[in-house]
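A.B. asks: Pasting a structure below so you can have a look.
In UniProt numbering, the protein residues as written are 1 to 295.
Listed below in structure tokens is the structure:
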């Protein structure tokens, strides 16, 4: 595992390879946005595999690892799909899509993937199938053990704890987080509530798990409700790079992986998690080997 990793978080477009980056991370829904009621949305999702193959070719051509945000695919395309019913127990139509993040190596190989577990609000839950109670798996990568989460997973410390207890040192979070993430009441209390939520959670997660957090959020033109704020966080320092606006852009930082070991030596979070007498051991799953799965 190399001691340093140069990472780019990209709020819409790719220029990372030209800056010598080892890893490029894009936002959630970056290919299609999230407009499931649009009649063009489902056909685009049907073509999910061609997008993955193009990113595999791009990663190999540029000699760079890529987490291409998230890509929506039909549930029927999932290797884990064993469903036989098109309806839920309450009679409502079963979600036909799932939201997937992939880790693609610089050789063009898909080293692992993750289906978004914690879905945001009734709209996502109507169209997307969660990965439910399946475990959070850690992926073996050229930079060491990596965990993938997506957007609203950020709000659930249990997801982070599971990844960290399984050995993840870097956790990557593609996101489409907009200012509408706070209600009207929330905006009356604090117009900057969505930004405060993101900055607070990202800082907390990196400290409380002695891990690096790579957060790539969507950006776009003014007036389109984007939050942006893509950033790379580590213990002690907080953000190594932070895109402070919602505009399209790219932030690049060199991650010194030794800092994670220094933080762990100080806080001993992982040590306590691994201790059989840890007070909250009952909340953990049995650790598994890092995933080396394909599509």
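Glycine included, each C-beta is placed from N, C-alpha and C at the ideal position.
Excluding the five sequence neighbours on either side, which residues of its own chain have a C-beta within less than 7 Å of the C-beta of residue 108, listed in chain order?
C.D. replies: Along the chain shown, one-based indexing puts residue 108 at 108. Answer for residue 108: 56, 57, 59, 60, listed in chain order.
A.B. asks: Between which two residues does the alpha helix (DSSP H) carrying residue 60 extend?
C.D. replies: The residue given as residue 60 occupies position 60 in the chain shown. It spans 48-62 - the alpha helix (DSSP H) in which residue 60 sits, taken as one unbroken run.
A.B. asks: Between residue 28 and residue 9, what straight-line distance do the alpha-carbon atoms span, to the nearest angstrom?
C.D. replies: If you number the chain shown from 1, residue 28 lands on position 28. If you number the chain shown from 1, residue 9 lands on position 9. Residue 28 and residue 9: Cα-Cα distance of roughly 12 Å.
A.B. asks: Quick one: complete beta strand (DSSP E) runs, 3+ long, within the region 146-229?
C.D. replies: With a minimum length of 3 residues, the continuous beta strand (DSSP E) runs that stay inside the region 146-229 are 170-175, 212-217.
A.B. asks: Is residue 192 buried or exposed, if buried means 16 or more other CB atoms sit within 10 Å of its CB?
C.D. replies: Looking up residue 192 in the chain shown gives position 192. Answer is exposed; the Cβ neighbour count stays below 16.
A.B. asks: For residue 112, write down the residues that DSSP places opposite it in a beta bridge.
C.D. replies: Within the chain shown, residue 112 is the residue found at index 112, counting from 1. Residue 112 pairs with 103.
A.B. asks: Measuring CA to CA, which of 157, 141, 232, 201 is closest to residue 113?
C.D. replies: The count along the chain shown starts at 1 and reaches residue 113 at position 113. Ranking 157, 141, 232, 201 by Cα distance to residue 113 puts 141 first.
A.B. asks: Just to confirm, are residue 172 and residue 67 a CB contact at a threshold of 8 Å?
C.D. replies: Along the chain shown, one-based indexing puts residue 172 at 172. Along the chain shown, one-based indexing puts residue 67 at 67. Yes, the Cβ-Cβ distance between residue 172 and residue 67 is below 8 Å.
A.B. asks: If you reduce the DSSP assignment to three classes, tell me which class residue 3 lands in.
C.D. replies: For the purposes of this step, residue 3 is taken as residue 3 along the chain shown, with counting starting at 1. It is coil, neither helix nor strand.
A.B. asks: Which same chain residues end up closer than 6 Å to residue 71 when comparing Cβ atoms and leaving out the 5 residues on each side of it in sequence?
C.D. replies: To locate residue 71, count along the chain shown from 1; it is residue 71. Only 48, 51, 100 meet the Cβ criterion.
A.B. asks: Give the single residue among 164, 155, 127 whose Cα lies nearest to the Cα of residue 145.
C.D. replies: For the purposes of this step, residue 145 is taken as the residue at position 145 of the chain shown. Of the candidates 164, 155, 127, the one whose C-alpha sits nearest the C-alpha of residue 145 is 164.
A.B. asks: Which residue comes first and which comes last in the beta strand (DSSP E) that contains residue 233?
C.D. replies: For the purposes of this step, residue 233 is taken as residue 233 along the chain shown, with counting starting at 1. Counting along the chain, the beta strand (DSSP E) containing residue 233 begins and ends at 231-234.
A.B. asks: Is there contact between the region 211-230 and the region 240-249, where contact requires at least three CB pairs shorter than 8 Å?
C.D. replies: Output reads yes: the region 240-249 touches the region 211-230.
A.B. asks: Would you grab the beta carbon distance between residue 74 and residue 94 for me? Rounded to a whole angstrom, and I think it's under 8 Å.
C.D. replies: For the purposes of this step, residue 74 is taken as residue 74 along the chain shown, with counting starting at 1. For the purposes of this step, residue 94 is taken as residue 94 along the chain shown, with counting starting at 1. At roughly 12 Å, the Cβ-Cβ gap does not stay under 8 Å, so residue 74 and residue 94 are not in contact.
A.B. asks: Assign residue 156 to buried or exposed, taking buried as 16 or more other Cβ atoms, counted over all protein chains shown, within 10 Å of its Cβ.
C.D. replies: Sequence index remark: in the chain shown, residue 156 carries index 156 (1-based). Burial call: exposed.
A.B. asks: Contact check, residue 177 vs residue 209 under 8 Å by CB: the rounded distance?
C.D. replies: In the chain shown, the residue the question calls residue 177 occupies position 177. In the chain shown, the residue the question calls residue 209 occupies position 209. Going by Cβ atoms, the distance from residue 177 to residue 209 rounds to 20 Å, so no, they are not a contact pair.
A.B. asks: Can you give the Cα-Cα distance for residue 206 and residue 40, rounded to whole angstroms?
C.D. replies: Translated into positions along the chain shown, residue 206 becomes position 206. Translated into positions along the chain shown, residue 40 becomes position 40. Looking at the two C-alpha atoms, the distance is approximately 38 Å.
A.B. asks: Mapping DSSP to helix, strand and coil, what is residue 37?
C.D. replies: As a working note, residue 37 is residue 37 in the chain shown. In the structure shown, residue 37 sits in coil (DSSP, three-state: anything other than H, G, I, E or B).
A.B. asks: Rounded to the nearest angstrom, how far is the Cβ of residue 7 from that of residue 202, given a contact under 8 Å?
C.D. replies: Position 7 of the chain shown, counting from 1, holds the residue named residue 7. Position 202 of the chain shown, counting from 1, holds the residue named residue 202. Residue 7 to residue 202, Cβ: 14 Å. No contact.
A.B. asks: Short of 6 Å in beta carbon distance, which residues of its chain neighbour residue 167, apart from the five on each side in sequence? Order them along the chain.
C.D. replies: Translated into positions along the chain shown, residue 167 becomes position 167. Excluding residues within five positions, the ones whose Cβ falls inside 6 Å are 138, 145.
A.B. asks: What is the DSSP secondary structure of residue 131, counted as helix, strand or coil?
C.D. replies: Here residue 131 is taken as the residue at index 131 of the chain shown, counted from 1. Residue 131: coil per DSSP, three-state reduction.
A.B. asks: Are the CB atoms of residue 257 and residue 117 nearer to each other than 8 Å?
C.D. replies: Taking the chain shown and counting its residues from 1, one reaches residue 257 at position 257. Taking the chain shown and counting its residues from 1, one reaches residue 117 at position 117. The answer is no: Cβ separation not under 8 Å.
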